[in-house]
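Q: The opening position of the sequence shown corresponds to residue 239 in the working numbering, with each subsequent residue numbered one higher.
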Amino acid sequence: MSEPVSDTTLRQRRAARPDVSAWVSANAGSGKTKVLSDRVLRLLLAGVAPSRILCLTFTRAAAANMAMRVFDRLGEWVTLDDAALSDKLEELEGARPDAGRLALARRLFARAVETPGGLKIGTIHAFCERLLHIAPFEARTPARFAMLDDMQAAALFDEALAEALARSGYDDRLRAAFDGLDAAIAGGDGRDRLLRAALRHRAILRDDEGFEPAIERLRAALDLGEDEDAGALRAAILDGGIPVSEWADIVATYQAGSTNDGKLAAKFVAAA
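1. In the DSSP assignment, the beta strand (DSSP E) including Leu281 goes from what residue to what residue?
2. Roughly how far, in whole angstroms, is the beta-carbon of Leu323 from the beta-carbon of Leu340, given that I think they are within contact range, below 8 Å?
3. In angstroms, rounded to a whole number, what distance separates the CA positions of Gly332 and Arg251?
4. Would you give the residue range spanned by the beta strand (DSSP E) that Leu462 belongs to?
5. Expressed to the nearest angstrom, what Euclidean distance is found between the alpha-carbon atoms of Gly269 and His439?
6. Specify the secondary structure class of Ile359 as computed by DSSP and reduced to three states.
7. For Leu312, which residues in the same chain have their Cβ closer than 7 Å to its Cβ, ignoring the five residues on either side in sequence?
8. Starting from the Cα of Phe365, find the closest Cα among Ala287, Leu294, Lys326 and Leu318 and give me that residue.
9. Candidates Ile362, Gly355, Glu329 and Asp320: which alpha carbon is nearest Arg344's?
10. Using the beta-carbon count (16 or more within 10 Å), is Tyr492 buried or exposed?
11. Under the three-state reduction of DSSP, which class applies to Leu248: helix, strand or coil?
12. Along the chain, where does the alpha helix (DSSP H) containing Thr497 start, and where does it finish?
13. Considering only the beta carbon of each residue, do Val489 and Val507 sit closer than 8 Å?
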């Protein structure tokens, strides 16, 4: 006698059905990638050509993980005997397969591998880049453009920063800005990280109304008064929060916890 199917499994099977349009919302680690992989496999079993299936994820790691899952299972189907493969397909689709379906399942690995371009499993960014390469004139992008990788972007940032630092030797406003950053951010790579963040959101800072209104909007969002600066906020936290005399006990508790707890303990030690 077979075990009853859990409600979670039933929901996953329903979301993976190739004949329905599904929207899945779930927490991390709850099985979303499994559902997506199941859906791809069921689309292939339903006769959909591999070239007509598109899977998009946010990260390269997620795309690689999903592709590996799909191809691992397709490859496994080739090697299983009839009984074991029948169990796998029944678990996937909820119905016992016939001999024809077993034969189809065993052919899918070769079909997916031999399809020109293979299964299209990638990131949203890569998909959008491909569209721009296909239709550069319609998208008003340079033909044969290339995307910067992280190392190239970092090199350009370092070059621009070096040029700005050189200009600060004769530009009083620029020198004052760098001095202010250095005074507000003690050591480390905090200044560079802040400047990179500003570059990512430069459209806000380049608004026609100028920089000062952006500062005022930030003050309003944080509910800061005109006389409140970083020093005032630091004093308010230290004076109004947990007494410094109790920090040692807190540090000891955090140090006995997880890795992230240990990081919090280090911050308490640094602040003390």
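For glycine and all other residues, C-beta sits at the position ideal for the given N, C-alpha and C.
A: In short, the structure shows the following:
1. Where Leu281 is concerned, there is no enclosing beta strand (DSSP E), although the alpha helix (DSSP H) it sits in stretches over Lys270 to Leu283.
2. That pair is a contact at about 6 Å.
3. Going by the C-alpha atoms only, they are around 8 Å apart.
4. Segment: none, Leu462 is in no beta strand (DSSP E) and carries neither H nor E.
5. 34 Å
6. strand
7. Leu346, Phe347 and Ala350
8. Leu294
9. Asp320
10. buried
11. Annotated three-state conformation of Leu248 is helix, per DSSP.
12. Thr497 to Ala509
13. yes
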